[in-house]
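Asks: Residue numbers (UniProt numbering): 1 to 141.
Okay, here's the thing in structure tokens:
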């Protein structure tokens, strides 16, 4: 387990969740701009992607508050939300690869899409470490 103090782990978690929220907002902006350029099939995929991103943004903001107040159950829900988000994005990546013509494939799976996937994986690690630390302190005080 991580050997850094709980306060430092909390700061790291809140900081990275804030960075991850900024990545989510950037992806929303890029997807919103791409809606006008896409054909109807890609527009549907982009709208689903935007809805998933908005839901994750809300969960991420709630996770920042849960981190500040050391709420273990909310942090565990955030970990499951992050895992579901990654799985959903990977499914969208597969669908976009098969359904979109080659000239419009980059509208869905752009650099922000991939950065958000990487950010979600790293956020899952940070939140899991902080959650384990809180549970450890709760039981062994």
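Idealized CB from N, CA, C, for every residue including glycine.
Note that the structure is predicted; figures quoted are calculated from it, not measured.
In the structure shown, what three-state DSSP assignment does residue 101 receive?
Replies: As a first step, residue 101 must be located in the chain shown, where it is residue number 101. Looking at residue 101 - three-state DSSP - the assignment turns out to be coil, as it is neither helix nor strand.
Asks: How would you call residue 31, buried or exposed, if buried means at least 16 neighbouring beta carbons within 10 angstroms?
Replies: Taking the first residue of the chain shown as 1, we reach residue 31 at position 31. Residue 31 is buried by the Cβ-count criterion.
Asks: Look at the Cβ atom of residue 75, then the Cβ atom of residue 66, and state whether they are nearer than 8 Å.
Replies: As a position in the chain shown, residue 75 is number 75, starting the count at 1. As a position in the chain shown, residue 66 is number 66, starting the count at 1. Taking 8 Å as the Cβ cut-off, residue 75 and residue 66 qualify as a contacting pair.
Asks: Is residue 69 helix, strand or coil by DSSP?
Replies: Here the question's residue 69 lines up with position 69 in the chain shown. Residue 69 falls in the coil class under three-state DSSP.
Asks: How is the alpha helix (DSSP H) around residue 4 delimited, first residue to last?
Replies: The residue labelled residue 4 in the question sits at position 4 within the chain shown. No alpha helix (DSSP H) holds residue 4; DSSP gives it neither H nor E.
Asks: Could you check whether residue 53 and residue 24 sit closer than 8 Å to each other, using their CB atoms as the reference points?
Replies: The residue given as residue 24 occupies position 24 in the chain shown. The residue given as residue 53 occupies position 53 in the chain shown. A contact, by the Cβ cut-off of 8 Å.
Asks: Just reading off the alpha helix (DSSP H) that residue 129 is part of, what are its end residues?
Replies: For the purposes of this step, residue 129 is taken as the residue at position 129 of the chain shown. Its alpha helix (DSSP H) spans residues 111-140.
Asks: Judging by CA-CA distance, which residue of 110, 86 and 71 is the nearest neighbour of residue 123?
Replies: Position 123 of the chain shown, counted from the start, is the residue given in the question as residue 123. With distances taken between Cα atoms, residue 123 lies closest to 86.
Asks: By Cβ distance below 7 Å, which residues in the same chain neighbour residue 140 in space, the five residues on each side in sequence not counted?
Replies: By one-based count along the chain shown, residue 140 stands at place 140. So no residue of the chain qualifies.
Asks: Does the separation of the CB atoms of residue 44 and residue 133 fall below 8 Å?
Replies: Stepping through the chain shown from its first residue, residue 44 is reached at position 44. Stepping through the chain shown from its first residue, residue 133 is reached at position 133. Against a cut-off of 8 Å, the Cβ pair of residue 133 and residue 44 comes out as no contact.
Asks: Check residue 39 in the structure and name its three-state DSSP category.
Replies: The count along the chain shown starts at 1 and reaches residue 39 at position 39. The answer is coil: DSSP assigns residue 39 none of H, G, I, E or B.
Asks: Could you tell me the distance, in whole angstroms, from the CA atom of residue 57 to the CA atom of residue 112?
Replies: One-based indexing of the chain shown puts residue 57 at position 57. One-based indexing of the chain shown puts residue 112 at position 112. Approximately 14 Å between the Cα atoms of the pair.
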